[in-house]
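The structure appears below as structure tokens.
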Amino acid sequence: MQQDILINWSPQETRVAVVENGAVQELHVERTLERGLVGNVYLGKVARVLPGMQSAFIDIGLERSAFLHVADLWQRPLEGESLPAHRNGGAQRPIEKQVFEGQTLMVQVIKDPIGTKGARLSTQISVAGRMLVFLPQDEHIGVSQKIAAGLRDALRERVQQLARAAAPEGKTGGYILRTNAEDASDAELAEDIAYLRKTWTRIREAATRLPPASLLHEDLRLLQRVLRDLVGEGTQSIRIDSREQFDTLMAFGKEFMPAAAARLSHYRGERPIFDLFNVDDEIAKALGRRVDLKSGGYLVVDQTEALTTVDVNTGGFIGTRNFDETVFKTNLEAAQAIARQLRLRNLGGIIVVDFIDMSLPEHQQAVLAEFRKQLARDRVKTQVGGFSHLGLVEMTRKRTRESLAQLLCEPCEQCQGSGRVRTARTVAYDVLREILREARQFNPREFRVVAAPAVIDMLIDEEGQHLAGLSDFIGKPISLQAESAVGPDQYDIVLL
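In my numbering, the protein residues as written are 725 to 1220.
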């Protein structure tokens, strides 16, 4: 899979597009004033312990307190316990016996604040490098599942030896080998270990001199994470449209990721860099509900706070052979498009896909296999179940940051995010009922209705007779005033 990475930089925003075989697959956006928090390490202060929820709220200096669940609380085994040091086992002690209000804890953000929810924390700290992830409280050596099975044991042994050499005092810490470590030399691995241990030393030192609710360590900016996290074997070019940031990124890459830096270039073209692959058009499409398929079918993507639903429709695709074949081909194409949309929109949490019903079991299995194959290219962890008895496919995709829509959009002021507003007739009837209600409580000289032009037109034209009848019934004149600034289902009754 040939991959190109395009970086569009401005002082207020960094945008990164990952393009595979000419199609945009991923979009990453970081705004200077709204940087994500995942990976940041804080010295937190326990604000409140909730035994009933086995959770605690931690003050880390943000607007909302962050959330720590007992499952994310790293604990040392007590004397006589057999808890593994690197995992929380079944003998997890209650949170009220491990933390108390006012206690200071070193914590790391594992999930950004989303909507009304505060950041989620863990007390098991991890520091990510180019090839390794350092787990200072651990002694376990893990290996990415994407590394060939035959190489894992040898890599694990090499890292173990290098870690011992770097920590002669005996406290080596734990490591997870990332995919980039598969072809790394001992010198490169040792360099990464030295960088990670130095970073951890700085974090510990900061924790001894800074007050609670202080930031101890900030994860890399998006520009640097491009080289660390997004570059793979198939990456053939990384282009950035800022000369200043190119120089900065090149210096960073040469020091920590020379192989990735070798693919970096400064884009000097007159056309905006995102125009090369129509990235801005893809962003606009990724914010819409409907996704058209080449065959004529289409997807409808609806994102809610609890889950995301994807509905597959044949649309204008009528096929060439029979109905079963038409449905099968549409679902196969949809499986590819859905996997791409999940990456493009950065959708996470529970996702339910409603493929078009297929009568043949072999068609179901082929569509499911294609869907899993496409999802295997996703760098974010996914889990997919089979078809349920209702014909739905349920899956999860790990959610650590806001989706593209949550990042770039906000709820509509008119509909408050529901996607619908009441009709002009519905609002007109509400107005008539409200006038009657207020006439029973107050005795003004006149009632004046201020509403959207469509509602006023409805009251004058189609509901004029009812309005006149109401005026006669209450014995008061009713005047109408159209205001274009008023929302379509908003109104005000003014007592004069």
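Cβ coordinates follow ideal geometry from the N, Cα and C atoms, glycine included.
Item	Value
Using a Cβ-Cβ cutoff of less than 6 Å, which residues in the same chain neighbour Gln-1060 once the five nearest sequence positions on both sides are dropped?	Gln-1098
Sorted by chain position, which residues of the same chain lie with C-beta nearer than 8 Å to His-1190's C-beta, five sequence neighbours on each side aside?	Leu-1156
Just to confirm the assignment, what range does the beta strand (DSSP E) spanning Leu-988 have?	988–990
Tell me which same chain residues have a C-beta within less than 8 Å of the C-beta of Gly-897, skipping the five on either side of it?	Phe-858, Leu-859, Pro-860, Gln-861, Asp-862, Glu-863, Ala-887, Ala-891, Arg-921, Trp-924
Mapping the DSSP letters down to three states, classify Tyr-1215 as helix, strand or coil.	strand
Could you check the C-alpha separation between Ala-1192 and Thr-1033 for me, to the nearest Å?	47 Å
Does DSSP put Val-1145 in a helix, in a strand, or in coil?	coil
Excluding sequence positions up to five away, which residues of its chain have a Cβ less than 8 Å from the Cβ of Arg-1096?	Val-1108
What does the alpha-carbon distance come out to for the pair His-752 and Val-740?	5 Å
Assuming contact is defined by CB atoms lying nearer than 8 Å, are Glu-820 and Val-773 in contact in what I supplied?	yes
Applying the criterion that 16 or more other CB atoms from any shown protein chain within 10 Å of the CB defines a buried residue, is Phe-824 buried or exposed?	exposed
Unbroken alpha helix (DSSP H) runs of length 4 or more, entirely within the stretch 852–937: which are they?	873–890, 910–933
Measure how close the beta-carbons of Lys-870 and Gly-826 come, nearest whole angstrom, since I'm counting them as under 8 Å.	Not really, about 43 Å apart at Cβ, beyond 8 Å.
Bridge partners for Ser-846 per DSSP, in chain order?	Gln-832
Find out if the Cβ-Cβ distance for the pair Tyr-1022, Asn-1002 is shorter than 8 Å.	no
Inspect the beta-carbon positions of Leu-901 and Val-955 and report whether they are closer than 8 Å.	no
Can you give the Cα-Cα distance for Leu-1084 and Ala-1063, rounded to whole angstroms?	23 Å
So, helix, strand or coil for Glu-1162, using DSSP?	helix
In this structure, how does DSSP classify Met-725 when only helix, strand and coil are distinguished?	coil
Drop a sphere of 10 angstroms on the beta-carbon of Asp-836, count the other beta-carbons inside from all chains shown, and report buried for 16 or more, exposed for fewer.	buried
Can you tell me whether Thr-1050 is helix, strand or coil according to DSSP?	helix
If you check the beta carbons only, do His-1087 and Asp-1048 fall under 8 Å apart?	yes
Do the stretch 877–886 and the stretch 906–922 meet, that is, are 3 or more Cβ pairs less than 8 Å apart?	yes
Which whole-angstrom value is the C-beta distance of Ile-731 and Asp-916, which I expect to be below 8 Å?	About 24 Å separates the two Cβ atoms, so there is no contact after all.
Per DSSP, which residues does Gly-768 bridge with? Please list them.	Leu-829
If you reduce the DSSP assignment to three classes, tell me which class His-1223 lands in.	With the chain running from 725 to 1220 in the structure shown, residue 1223 is simply not present.
Enumerate in chain order the residues of its own chain whose CB-to-CB distance from Leu-802 is below 6 Å, with the five nearest sequence positions on each side excluded.	Confidence at Leu-802 is low in this model, with a pLDDT of 46, below 50, so the placement of that residue is unreliable and no value is reported for it.
Given that a residue counts as buried once 16 or more other Cβ atoms are within 10 Å of its Cβ, and exposed if not, what is Thr-1054?	buried
Just the Cα atoms here: how many angstroms apart are Arg-1013 and Ala-914?	48 Å
Tell me which same chain residues have a C-beta within less than 6 Å of the C-beta of Gln-948, skipping the five on either side of it?	Phe-976
Between the C-alpha atoms of Ile-849 and Val-831, what's the straight-line distance to the nearest angstrom?	7 Å
Which partner residues does Thr-1106 have in the DSSP bridge list?	Arg-1121
Sorted by chain position, which residues of the same chain lie with C-beta nearer than 7 Å to Val-1218's C-beta, five sequence neighbours on each side aside?	Arg-1172, Val-1174
Under 8 Å, do Thr-847 and Trp-798 count as touching if we go by C-beta distance?	yes
By how many angstroms is the C-alpha of Ala-937 removed from the C-alpha of Ala-986?	40 Å
Given Arg-945, which residues of its chain have a CB within under 6 Å of its CB, disregarding the five upstream and five downstream residues?	none
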